[in-house]
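The block underneath contains the structure these notes are about, expressed in structure tokens.
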Amino acid sequence: MEKYNVSRETFEKLKLYHQSLIEWQGKMNLVSNSTLDTAWERHFADSAQLYKLIPENAKTMVDIGSGAGFPGMVLAIMAEGRTPYLKVTLVESIAKKTLYLKRVKEITNTDVNILNRRIENLKEKTFDVITARAVINLKDLLGYAHPLFRKNSICIFPKGKSHKEEIELARKEWFFDIETVPSEVSDESVILIIRNLVKKGKR
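For what it's worth, this note's numbering labels the leading residue of the sequence shown as 15, then goes sequentially.
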């Protein structure tokens, strides 16, 4: 994690998080078992690379379908040490995964808001930054993100090798500006940065 310029304290928190993931994986299916041995790269580094893409003036961030906390919990831990004014909310509909997220919050002493609810029930709230990783296809993901948008909001979505097809499909229902950033972890993956999201027929 050295290339992500995290402090020693942040690194220690991430190591506690990593250790807890290994311990809790035996109790519940938090991540694919095939990725557990390489979790530091596949999940932690893959999440940490998003931090530099968050605008410096962002005050609020929501992570949709947080699961085991990737990328949202990793970004919340990093923000505590570098941009403590960024308030992070994790939204997860599965109760047992929410329980795990609360455990990570406790052992890392991280100021993060954890909600056990479906994202469509997160009403009357908007955020500067919206993240999601390995949730659903881009077209449907934008449908969940759109109600959370404010004027200058951005989405930061890691995507795999089918990202071009997902973008093409999403453009049938949405207007948006998009920037594609290569992943630092996988040659087949990218990070999509989406702005100015508008439902077609709404302009």
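A virtual CB, placed ideally from N, CA and C, is assigned to each residue, including glycine.
Worksheet entry | Anticipated Cβ contact below 8 Å, Asn166 with Asp191, distance rounded | Going by Cβ atoms, the distance from Asn166 to Asp191 rounds to 12 Å, so no, they are not a contact pair.
Discussion item. Applying the 10 Å Cβ sphere with the 16-neighbour rule, what's the burial state of Ala184?
Written reply: Flag for Ala184 reads buried.
Worksheet item: Does the distance from the C-beta atom of Leu82 to that of Tyr114 stay below 8 Å?
Response: Note that residue 82 is Ala in the sequence shown here, rather than Leu. Cβ distance < 8 Å, so Ala82 and Tyr114 count as in contact.
Discussion item. With a threshold of 7 Å on Cβ separation, who are the neighbours of Trp54 within its own chain once the five nearest residues in sequence on each side are excluded?
Written reply: Once the five neighbours on either side are set aside, the close Cβ partners of Trp54 are His32.
Fill in: Residue closest to Asn127, alpha-carbon to alpha-carbon, out of Val105, Phe141, Ser176, Phe58
Restricting attention to Val105, Phe141, Ser176, Phe58, the CA atom closest to the CA of Asn127 is found in Val105.
Practice prompt. Find out if the Cβ-Cβ distance for the pair Val204, Val212 is shorter than 8 Å.
Written response: Not closer than 8 Å, so no.
Discussion item. For Phe189 and Ala159, I'd like the C-alpha separation in whole angstroms.
Written reply: Spanning the alpha carbons of Phe189 and Ala159 requires a straight line of approximately 13 Å.
Fill in: Same chain, Cβ closer than 7 Å to Met92, five either side skipped, listed in chain order
Only Val20, Thr24, Ala62, Tyr65 meet the Cβ criterion.
Fill in: Residue range of the unbroken alpha helix (DSSP H) whose run includes Arg131
First-last for Arg131: undefined, no H or E at that position.
Worksheet item: If you follow the beta strand (DSSP E) that Lys111 is part of, which residue opens it and which one closes it?
Response: Taken as a continuous stretch (DSSP letters only), Lys111 belongs to no beta strand (DSSP E), being part of the alpha helix (DSSP H) at 109-122.
Worksheet item: Counting along the chain, where does the beta strand (DSSP E) carrying Trp188 start and finish?
Response: It spans 188-196 - the beta strand (DSSP E) in which Trp188 sits, taken as one unbroken run.
Worksheet item: Can Arg147 and Phe84 be called in contact, C-beta distance under 8 Å?
Response: Yes; because the gap between Cβ atoms is below 8 Å, this pair is in contact.
Practice prompt. State buried or exposed for Pro172, treating a residue as buried only when at least 16 other CB atoms are found within 10 Å of its CB.
Written response: Counting Cβ neighbours within 10 Å, Pro172 comes out buried, since at least 16 surround it.
Discussion item. Distance check for Arg22 and Ser80, CA to CA, integer angstroms please.
Written reply: Taking the straight line joining both Cα atoms gives about 25 Å.
Fill in: Opposing strand residues paired with Pro172 [DSSP bridges]
Answer is Ile205.
Practice prompt. Identify the continuous beta strand (DSSP E) that holds Val88 and give its terminal residues.
Written response: Note, Val88: premise wrong, no beta strand (DSSP E); alpha helix (DSSP H) at 86-96.
Fill in: Beta-carbon separation (whole angstroms), Met75 vs Val143, contact threshold 8 Å
4 Å between Cβ atoms; contact.
Discussion item. Can you tell me where the alpha helix (DSSP H) holding Lys29 begins and where it ends?
Written reply: It spans 22-39 - the alpha helix (DSSP H) in which Lys29 sits, taken as one unbroken run.
Worksheet entry | Cβ-based neighbour list, Asp125, same chain, cut-off 7 Å, excluding 5 preceding and 5 following | If we look at Asp125 and ignore the five residues flanking it on each side, its Cβ neighbours are Glu94.
Worksheet entry | Span separating the alpha-carbon of Glu177 from that of Val149 | The sequence shown places His at residue 177, rather than the Glu named in the question. Approximately 13 Å, taken between the alpha carbons.
Worksheet item: Does DSSP put Arg164 in a helix, a strand or coil?
Response: Arg164 falls in the strand class under three-state DSSP.
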